[in-house]
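Numbering (UniProt numbering), first residue to last: 1 to 200. Note that beta-carbon positions come from the ideal geometry of N, C-alpha and C, so glycine has one too. Since this is a predicted model, take the numbers as computed values, not measurements.
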């Protein structure tokens, strides 16, 4: 039986986070929000290197004594203010070390899927057993998708990434912003696949 995915709702500019078993996905939530799960979290996975997804990664890694992982293509974002956009929030990149993740790596119950486009190192986590997709900012409900006009973004890459996701059986969608789609999420994925080529 698959571990439940627990939604930690975005607060202001801070992204959604998700707790699933020993994994915390994205790390901008306040310490007080994550503290109830600190004894179970062993790994923090960043879906990409933008500051709104990792603002509290250092504090949360310390709280949980957790390993931090990020897509290999975004590893440098963790120490580069201009790439991670931390200066937009009057802050600095966390400067924390992380383990790079590559396509096909496994983290707990999930397989890593490289989905460049929003950033060069964006990743999604997919659980084949129940079709759960933790999508970061690659795609959103109702046919929406991540912007590609920020550093290392690439619209052609995003089209290819969404096409790759559309080949999967996706039952639930857990994205970086907006509400999760707990069932019937394939419709949202196919809407995004239809919409993303119209822009960029």
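For the alpha helix (DSSP H) assignment, the uninterrupted runs of no fewer than 4 residues enclosed by the stretch 137-176 are, from N- to C-terminal side, 155-166.
Counting C-beta atoms within 10 angstroms of its own C-beta, residue 178 has fewer than 16 neighbours from the protein chains shown and is therefore classed as exposed. Sequence-distant Cβ neighbours of residue 89 in its own chain, meaning closer than 8 Å and more than five residues away, are 13, 51, 52, 55. The way I'd put it, the stretch 138-155 doesn't touch the stretch 90-109; fewer than three beta-carbon pairs between them come closer than 8 Å.
The stretch 117-135 makes contact with the stretch 36-50; the number of CB pairs closer than 8 Å reaches 3 or more. Between the C-alpha atoms of residue 180 and residue 116 there is a straight-line separation of about 21 Å.
Under the DSSP assignment, residue 32 falls outside any beta strand (DSSP E), being part of the alpha helix (DSSP H) whose first and last residues are 31-34.
The straight-line gap separating the alpha-carbon atoms of residue 154 and residue 160 is approximately 10 Å. DSSP places residue 184 outside both helix and strand once states are collapsed to three, so it counts as coil. Residue 67 carries a strand assignment under DSSP once its states are collapsed to helix, strand and coil.
With fewer than 16 other beta carbons inside 10 angstroms of its own, residue 183 counts as exposed. For residue 132, the closest alpha carbon among the candidates 168, 77, 57 is that of 168. For residue 82, the enclosing alpha helix (DSSP H) stretches over residues 81-84.
Residue environment for residue 93: buried (at least 16 other C-beta atoms within 10 angstroms of its C-beta).
Between residue 63 and residue 25 a beta carbon distance of about 16 Å is seen, past the 8 Å cut, so the two are scored as non-contacting. Taking residue 185 as reference, the option from 157, 38, 135, 147 with the minimal CA-CA separation is 135.
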